[in-house]
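Colleague: Supplied in structure tokens, the structure appears directly below.
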Amino acid sequence: GAVVSQHPSWVICKSGTSVKIECRSLDFQATTMFWYRQFPKQSLMLMATSNEGSKATYEQGVEKDKFLINHASLTLSTLTVTSAHPEDSSFYICSARLPGLAGYNEQFFGPGTRLTVL
Amino acid sequence: GDSVTQMEGPVTLSEEAFLTINCTYTATGYPSLFWYVQYPGEGLQLLLKATKADDKGSNKGFEATYRKETTSFHLEKGSVQVSDSAVYFCALRLKAAGNKLTFGGGTRVLVKP
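As they're listed, the protein sequences go chains G and D. If you're matching positions, the first sequence starts at 39 in our numbering and goes up one per residue. If you're matching positions, the second sequence starts at 8 in our numbering and goes up one per residue.
The structure is reproduced here in structure tokens:
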């Protein structure tokens, strides 16, 4: 199946710094990518939908100025957590939607990035 | 709003045991239902799906039937293997909600030899 990678797989940063997480579709072009956040023992919560060449669509309650999303190419979307604080510590997961299929366009998920803010 | 509830884990089983993971949903329309599996160190993978009532999704020995009357989509496997150890997520998707996936909390399954 289609492969999605994330980099880095884990990152530790100091409070107040910014962290960039990359999501790449390795063997297909994805016009749409999604960013999720997962707290321990909780479900994945959709943060935003990233569309290539246009602004991301954020879910209610997600600060767009804090979680900057850029989808500059058909294979790369980035999530930048700006001025990170300990409460931003979480597991961030991206997915990419395979275009062109009729009906349900399956999402392919990356392995996730664990962010720890000290 | 739309939501998915699944049983909390961890679920610990012996090899060849029968596995059931309960999943119920709340939705304002008629969702499509999914089970995803996440093996250690990997991304979520679609395991099976059902798009309408009474549909049965199946894959790799796993089955789940879309029960509209009980709003459920329980996952079952008759004889688990150690390689089935993973986290399983139930999810729904509604066209009216922009085809976004809504996930349950995940159930960790550990199969011991």
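Note that CB positions come from ideal geometry on N, CA and C, so glycine has one too.
Got a sec: is the Cβ-Cβ distance from residue 98(G) to anything in chain D below 8 Å?
Modeller: One-based indexing of the first sequence puts residue 98(G) at position 60. Put simply, the CB of residue 98(G) is far from chain D, with every gap to its CB atoms at 8 Å or more.
Colleague: Can you tell me where the beta strand (DSSP E) with residue 86(G) in it begins and where it stops?
Modeller: In the first sequence, counting from the first residue as 1, residue 86(G) sits at position 48. It spans 82 to 89 - the beta strand (DSSP E) in which residue 86(G) sits, taken as one unbroken run.
Colleague: Shorter than 8 Å from the beta carbon of residue 42(G) to some beta carbon of chain D?
Modeller: In the first sequence, counting from the first residue as 1, residue 42(G) sits at position 4. For residue 42(G), the answer is yes, since a Cβ of chain D falls inside 8 Å of its Cβ.
Colleague: Only counting the same chain, and skipping five residues up and downstream in sequence, which positions put a Cβ closer than 8 Å to that of residue 20(D)?
Modeller: The residue given as residue 20(D) occupies position 13 in the second sequence. Once the five neighbours on either side are set aside, the close Cβ partners of residue 20(D) are 26, 87, 116, 117, 118 and 119.
Colleague: Given that residue 149(G) touches chain D, what residues does it touch there, using C-beta distances under 7 Å?
Modeller: As a working note, residue 149(G) is residue 111 in the first sequence. The answer, in chain order, is 48, 49 and 50.
Colleague: So, with DSSP's three-state summary, where would you put residue 140(G)?
Modeller: Start at 1 with the first residue of the first sequence, and residue 140(G) comes out as number 102. For residue 140(G), the pLDDT reaches just 49, beneath the cut-off of 50, and the residue's location in the model is therefore unreliable, leaving the point undetermined.
Colleague: Can you tell which of 75(G), 78(G) and 42(G) has the C-alpha that lies nearest to the C-alpha of residue 62(G)?
Modeller: Locating residue 62(G) in the first sequence gives position 24, counting from the first residue. It is 42(G).
Colleague: Along chain D, which residues have their Cβ under 9 Å away from the Cβ of residue 111(G)?
Modeller: Residue mapping note: residue 111(G) aligns to position 73 of the first sequence, counting from 1. Residues of chain D passing the Cβ test: none, with the nearest at roughly 20 Å.
Colleague: Are any of the Cβ atoms in chain D nearer than 8 Å to that of residue 125(G)?
Modeller: Here residue 125(G) refers to the residue found at position 87 of the first sequence. Chain D contact via Cβ: absent.
Colleague: DSSP state of residue 44(D), grouped into three classes?
Modeller: Indexing the second sequence from 1 puts residue 44(D) at position 37. DSSP places residue 44(D) in strand when its eight states are reduced to three.
Colleague: Within 10 angstroms of its Cβ, does residue 91(D) collect 16 or more other Cβ (buried), or is it exposed?
Modeller: As a working mapping, residue 91(D) is identified with position 84 in the second sequence. Buried, by the Cβ-count rule.
Colleague: Are residue 99(D) and residue 40(D) closer than 8 Å when you measure CB to CB?
Modeller: Here the question's residue 99(D) lines up with position 92 in the second sequence. Here the question's residue 40(D) lines up with position 33 in the second sequence. In contact: residue 99(D) and residue 40(D) (Cβ atoms closer than 8 Å).
Colleague: How would you list, in chain order, the residues of chain G whose beta-carbon sits under 7 Å from the beta-carbon of residue 53(D)?
Modeller: Taking the first residue of the second sequence as position 1, residue 53(D) is located at position 46. Per Cβ cutoff of 7 Å: 144.
Colleague: With DSSP as the reference, identify every bridge partner of residue 150(G), one or two as the case may be.
Modeller: For the purposes of this step, residue 150(G) is identified with residue 112 of the first sequence, where counting begins at 1. Residue 150(G) is not bridged to any residue.
Colleague: Please list, in chain order, all residues of the same chain as residue 131(G) whose beta carbon is under 7 Å from its beta carbon, the five residues on each side excluded.
Modeller: The count along the first sequence starts at 1 and reaches residue 131(G) at position 93. Here the set comprises 74, 76, 82, 147, 148 and 150.
Colleague: From 97(G), 80(G), 102(G) and 108(G), pick the residue whose C-alpha is nearest to that of residue 91(G); which is it?
Modeller: Translated into the one-based positions of the first sequence, residue 91(G) becomes position 53. Of 97(G), 80(G), 102(G) and 108(G), the residue nearest in Cα terms is 108(G).
Colleague: Report yes or no: is there a C-beta of chain D within less than 8 Å of the C-beta of residue 67(G)?
Modeller: Counting from 1 along the first sequence, the entry for residue 67(G) is found at position 29. No, no contact with chain D.
Colleague: Looking only at C-alpha atoms, which of 98(G), 79(G) and 105(G) sits nearest to residue 59(G)?
Modeller: Here residue 59(G) corresponds to residue number 21 of the first sequence, with the count starting at 1. Nearest option by C-alpha distance: 105(G).
Colleague: Looking only at its own chain, which residues have a Cβ that is under 7 Å from the Cβ of residue 34(D), when we skip the five neighbours before and after it?
Modeller: For this step, residue 34(D) is matched to residue 27 along the second sequence. Around residue 34(D): 9, 99 and 101.
Colleague: Helix, strand or coil for residue 197(G), going by three-state DSSP, please let me know.
Modeller: No answer is possible for residue 197(G): the residues shown for chain G start at 39 and end at 156.
Colleague: At what residues does the beta strand (DSSP E) containing residue 45(G) begin and finish?
Modeller: Counting from one through the first sequence, the residue named residue 45(G) turns up at place 7. Looking at the DSSP string, the run of the beta strand (DSSP E) that includes residue 45(G) is 42 to 45.
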